[in-house]
Each structure stands twice: as structure tokens, then as C-alpha cells.
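Structure, as C-alpha cells:
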Amino acid sequence: MDKLKDHTLCHEEEEFLMSFRKPLISTLVYKHMAPEVDDDGELYYPGEGSRKSCKASVKVYLNGTGKFDINGKDILYFSDLTHREQIMTPLVVCNLLGKVDVYATTIDGGPSGQSGAIRLAISKAMAAYVDETTKTRLMIAGLLTQDPRKRERDKPGQEGARRKFAWLAKTITWNTDICYGFFLLQNTGFHVKESSIVGFQTMKTQTGPAIEQVLIQPFKETILNSMS
Numbered sequence: 001m002d003k004l005k006d007h008t009l010c011h012e013e014e015e016f017l018m019s020f021r022k023p024l025i026s027t028l029v030y031k032h033m034a035p036e037v038d039d040d041g042e043l044y045y046p047g048e049g050s051r052k053s054c055k056a057s058v059k060v061y062l063n064g065t066g067k068f069d070i071n072g073k074d075i076l077y078f079s080d081l082t083h084r085e086q087i088m089t090p091l092v093v094c095n096l097l098g099k100v101d102v103y104a105t106t107i108d109g110g111p112s113g114q115s116g117a118i119r120l121a122i123s124k125a126m127a128a129y130v131d132e133t134t135k136t137r138l139m140i141a142g143l144l145t146q147d148p149r150k151r152e153r154d155k156p157g158q159e160g161a162r163r164k165f166a167w168l169a170k171t172i173t174w175n176t177d178i179c180y181g182f183f184l185l186q187n188t189g190f191h192v193k194e195s196s197i198v199g200f201q202t203m204k205t206q207t208g209p210a211i212e213q214v215l216i217q218p219f220k221e222t223i224l225n226s227m228s
């Protein structure tokens with residue numbers, strides 16, 4: 001079929017080729033949620049959003065006074081000013097700050113995830129109400145795009161997702177022979193070669209796998225030779 005489509009005379013069989021085509025549904029067009037009416041008969045625009053592990057649902061009431069209700073609390077629910085600015089950003093872009101009331105409910109997540117989820121939910125709710133020009137401004141500002149980033153899991157053998165444990169030099173394991181030999185070298189009255197003492201002190205102070213290969217046998221032989 002591809003060869004027939006690329007043929008120079010394919011236009012003569014356009015009707016035949018078009019019979020094999022299927023309509024393509026656009027996946028880039030977001031379907032906004034229709035406005036709903038609550039139990040008191042007031043109209044509101046619903047919206048849903050998610051960020052990290054948090055999921056949020058909001059209700060935006062028109063002709064409001066700028067009230068924010070987040071899980072039963074006001075905007076002071078977020079102690080950080082950055083998180084407060086996040087949920088206000090869609091309303092600032094739409095020039096509706098102080099003109100609508102927002103009721104938000106979140107599930108799971110921390111302050112950063114909750115504020116991001118609420119911002120996306122408010123943006124989607126406002127996109128169903130504002131005109132195309134304002135909707136384009138929301139899209140350009142990235143307020144209608146979900147942030148896919150999530151916390152990276154910790155890795156085995158590491159302190160965290162990327163952080164590694166601090167590297168420490170390997171220390172010497174003092175076994176019975178080494179301790180006994182060191183005691184003899186320091187406390188016997190027999191004549192011991194100076195090189196043996198220097199070598200043993202070096203083994204005591206240095207660290208590393210190579211030091212573990214040094215045995216106490218040469219020191220024992222030196223002591224026995226001095227006694228004979």
C-alpha cells in the first residue's frame with residue numbers, strides 16, 4: 001500500500017486509497033468538564049489535577065469574593081508563600097483573582113504536591129469558563145500541562161536515590177598474633193633489630209588491604225634469633 005501511495009500516478013486512485021484511511025482522533029485537545037450545580041442551586045466549575053502522589057479536586061464558584069477553602073481551612077493551610085502563589089497563578093492569568101471562590105480537596109501528598117495539584121485543577125476548571133484567548137494564555141504559561149516528575153526511589157547500596165555512602169579507608173583488624181608480637185617487641189628486654197620495630201610501627205599506623213598481608217611471623221623469628 002505504501003508503494004501505491006508513493007506512485008507518481010497515485011492521484012488517479014485517490015478514492016481507492018482514501019477508503020483505507022481511518023479518522024484520527026486528536027489527543028491534544030483537552031475535554032473540559034461541564035459546569036455543575038450544587039445542592040443549593042449554585043453553579044460551579046469542577047476540576048481535577050494531580051502532582052506527585054497527590055490528587056486534588058476543586059470547585060470554582062463564580063461571582064465570589066476570593067475565598068479559598070482547602071481541606072476545610074483557608075489559604076493559610078499553606079505556610080509557605082510559594083505554595084500560596086502557586087494556587088493563585090491561574091486566577092491571576094485569567095484576571096479572576098478576588099472574583100471567584102475556590103473549594104479544594106486533596107488526597108495524600110505534601111505541601112508541594114498539593115499546591116501543584118490544586119493549581120492544575122483550578123487551571124482546568126477555568127479553561128472551561130474563559131474565552132479562547134485566555135485559554136491560550138493558560139496553555140502558554142504551562143498551567144494546563146501536568147508535571148510528570150515524581151520522587152525517585154532509593155537505590156540499594158546507596159544512601160538515597162543518587163547520594164552515595166561516604167567512603168572510608170579500611171582499618172586494620174588486630175588479631176591475636178599481631179597483638180602478642182607487638183607486646184613482645186615493646187616489653188621484652190631482648191635485642192631486636194631496629195628495622196623490625198620500624199616495620200611493625202609502620203604496620204600499626206598505616207591502613208589499607210595491603211597491610212593485612214603483613215604477617216607477624218617475621219617478627220617472631222627476629223625475637224627467637226635474638227634469644228639464641
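Take 1 as the starting number for the sequence shown in full-length UniProt numbering and just add one per residue.
A virtual CB, placed ideally from N, CA and C, is assigned to each residue, including glycine.
Closest residue to residue i among the options (Cα-Cα distance)
{"i": "Gln134", "options": "Thr106, Leu96, Phe165 and Lys155", "result": "Residue 134 is actually Thr in this sequence, not Gln. Looking at the Cα atoms, Leu96 is the closest of the given residues."}
{"i": "Val100", "options": "Lys73, Met126, Met18 and Gln158", "result": "Met126"}
{"i": "Ile118", "options": "Asp2, Glu85, Tyr44 and Glu13", "result": "Glu85"}
{"i": "Gln114", "options": "Tyr103, Ala56 and His7", "result": "Ala56"}
{"i": "residue 271", "options": "Asp2, Glu12, Leu91 and His32", "result": "For the chain, the structure presents residues 1 to 228; residue 271 sits outside this window and is missing."}
{"i": "Val37", "options": "Asp74, Gly72, Arg153 and Lys59", "result": "Lys59"}
{"i": "Ala104", "options": "Met88, Val92 and Cys94", "result": "Met88"}
{"i": "residue 242", "options": "His7, Gly66, Gly116 and Ile70", "result": "Outside the shown range of the chain (1 to 228) lies residue 242, about which nothing can therefore be said."}
{"i": "Asn71", "options": "Ala161, Thr106 and Tyr45", "result": "Thr106"}
{"i": "Gln146", "options": "Ser123, Pro156, Asp39 and Asn63", "result": "Ser123"}
{"i": "Val130", "options": "Asp6, Lys164, Pro35 and Lys150", "result": "Pro35"}
{"i": "Tyr61", "options": "Leu43, Phe68 and Gly47", "result": "Leu43"}
{"i": "Glu132", "options": "Asn63, Gln158 and Cys94", "result": "Cys94"}
Simplified DSSP assignment, three categories, for residue i
{"i": "Glu14", "result": "helix"}
{"i": "Tyr77", "result": "helix"}
{"i": "Asp101", "result": "strand"}
{"i": "Asp69", "result": "strand"}
{"i": "Glu159", "result": "coil"}
{"i": "Met203", "result": "Summary for Met203: the model assigns pLDDT 48, below 50, so the residue's position carries little reliability, and this model does not support an answer."}
{"i": "Lys193", "result": "At Lys193 the pLDDT is 48, less than 50, meaning the model places this residue with poor confidence and gives no usable figure here."}
{"i": "Arg21", "result": "coil"}
Terminal residues of the beta strand (DSSP E) in which residue i lies
{"i": "Arg151", "result": "Note, Arg151: premise wrong, no beta strand (DSSP E); not H, not E."}
{"i": "Arg51", "result": "Leu43 to Arg51"}
{"i": "Lys55", "result": "Cys54 to Tyr61"}
First and last residue of the uninterrupted alpha helix (DSSP H) at residue i
{"i": "Lys3", "result": "Asp2 to Lys5"}
Next on the checklist: Would you call the segment 137-148 in contact with the segment 62-80, where contact means no fewer than 3 C-beta pairs closer than 8 Å?
Outcome noted: no
Checklist entry - Pairing CB atoms from the segment 100-112 with CB atoms from the segment 43-60, are three or more of them under 8 Å? => result yes
Item to check | Any alpha helix (DSSP H) of 4 or more consecutive residues that is wholly inside the segment 107-153 | outcome: 111-127 and 132-140
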